[in-house]
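Structure first, then comments.
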DNA sequence: AGTTGAATGTAATAGTATTACATATCAGTA
DNA sequence: TACTGATATGTAATACTATTACATTCAACT
């Protein structure tokens, strides 16, 4: 049970890796990793925060990739559909996946102060599957998010 | 591990019970269970579906309780804060709690066809707490939702 | 070159939620 | 009873999130 997001790591390598993985996956699956899609993934990889669709749109507009909301939503839909990005429902925002295409049911920890979001893997899906089976419900996807304070904000809060 | 929502039950008694519980809780805690708040809870209790804030606002307006969004959002905030209602993040919608004030971390099963929502209890919080502890995150609230097909839509879908 | 399906560009609109500020109501107390 | 402070309500305006619709462009394949 690991989590990516609150620890330190070589982030520029992190970005490069993820882009390479995405590119390889798209080639292998005959998907088009277009410039807009690539840029959106890069924006989201820049730090472990969730960005709203309009934050992304704003940056796309700056770079001349169209000007209307569908530009951002289409790229996000593509990236979410193929597992490169997750939507954080609690925030109506989007974040790069930390474990692309490793089969996982992600769980997110959202800091209500600094807005950082960490992705963890949990066996939550197993439990939900059991609960669902008991009532005959057929799960297609799961959403697991926790809101609270990240390590940094917890210690800072304690000293206030 | 039970679930309320997909089974049949005496729903009018269900509503009366919940209102009585809410009223008693508010009296005991010196909270004002005002007419608007009561009506909103009644709307949400009417069936085991989630209603959007604007659905609720529409009904409030019909009955003469104000006309602007804050009327609905304030009542919902109150009901959520005190545990009578949950927000379903996936749907940006609200649903009456099936187990008010029994200490619980609810999990919801959302049918993507008929829109029914069932509330289950799962030990998901335990798992999340463990994952959180591993990285020093301090959980304040959890969101667990599953989207898929309810028993009814599963069998109907199978015959199509 | 022609066809097809995917991707893009843009305008318009729909749906969800908050801020700000004025007014009213209620509980407790001088 | 009248005052006070806290809570709740009424409403306008605005902000934020997301989709529909339709025209156009591009890439891959024939």
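Protein chains in written order, with the numbering used here: chain A, 1 to 160; chain B, 161 to 320. From the three backbone atoms N, C-alpha and C, an ideal C-beta is built for every residue, glycine too.
For residue i, the three-state DSSP class (helix, strand or coil)
| i | result |
| --- | --- |
| residue 106(A) | strand |
| residue 160(A) | At residue 160(A) the pLDDT is 46, less than 50, meaning the model places this residue with poor confidence; the figure from the coordinates comes in the next sentence. Three-state result, residue 160(A): coil. |
| residue 142(A) | strand |
| residue 161(B) | Low confidence applies here, because residue 161(B) scores a pLDDT of 46, under 50, leaving its location unreliable; read the following figure in that light. It is coil, neither helix nor strand. |
| residue 101(A) | coil |
| residue 150(A) | coil |
| residue 30(A) | coil |
| residue 145(B) | Only positions 161 to 320 of chain B appear in this structure, which leaves residue 145(B) out of reach. |
| residue 113(A) | coil |
CB of residue i within 8 Å of CB of residue j, strictly
| i | j | result |
| --- | --- | --- |
| residue 109(A) | residue 297(B) | yes |
| residue 194(B) | residue 231(B) | no |
| residue 144(A) | residue 304(B) | yes |
| residue 38(A) | residue 115(A) | no |
| residue 284(B) | residue 124(A) | yes |
| residue 309(B) | residue 287(B) | no |
| residue 52(A) | residue 92(A) | yes |
| residue 23(A) | residue 90(A) | no |
| residue 85(A) | residue 73(A) | no |
| residue 104(A) | residue 31(A) | no |
Check whether the region 122-132 of chain A touches the region 275-295 of chain B, taking contact to mean three or more Cβ pairs, one atom from each stretch, closer than 8 Å. Result yes; three or more Cβ-Cβ pairs closer than 8 Å.
Contact set between the region 226-250 of chain B and chain A, restricted to residues whose Cβ is under 7 Å from the partner: The residues in question are 249 and 250.
Which runs of the beta strand (DSSP E) spanning at least 3 residues fall entirely within the region 21-89 of chain A, listed in chain order? Qualifying beta strand (DSSP E) stretches, in chain order: 85-88.
Do the region 189-205 of chain B and the region 213-230 of chain B make contact, defined as three or more Cβ pairs closer than 8 Å? Judged by Cβ distances under 8 Å, the region 189-205 of chain B makes contact with the region 213-230 of chain B, as three or more pairs qualify.
Determine, using beta-carbon pairs with one atom in the region 140-152 of chain A and one in the region 96-103 of chain A, whether at least three such pairs fall under 8 Å. Taking a contact to require three or more Cβ pairs closer than 8 Å, the region 140-152 of chain A and the region 96-103 of chain A do not qualify as touching.
Compile a chain-ordered list of the residues in the region 291-312 of chain B whose CB is closer than 7 Å to at least one CB of chain A. Taking 7 Å as the Cβ-Cβ cut-off, the region 291-312 of chain B approaches chain A at 291, 292, 294, 295, 296, 297, 298, 299, 300, 301, 302, 303, 304, 305, 306, 307, 308, 309, 310 and 311, given in chain order.
Taking Cβ-Cβ distances below 7 Å as the criterion, which residues of the region 197-215 of chain B are in contact with chain A? Contacts with chain A (Cβ-Cβ distance below 7 Å) from the region 197-215 of chain B involve no residue at all.
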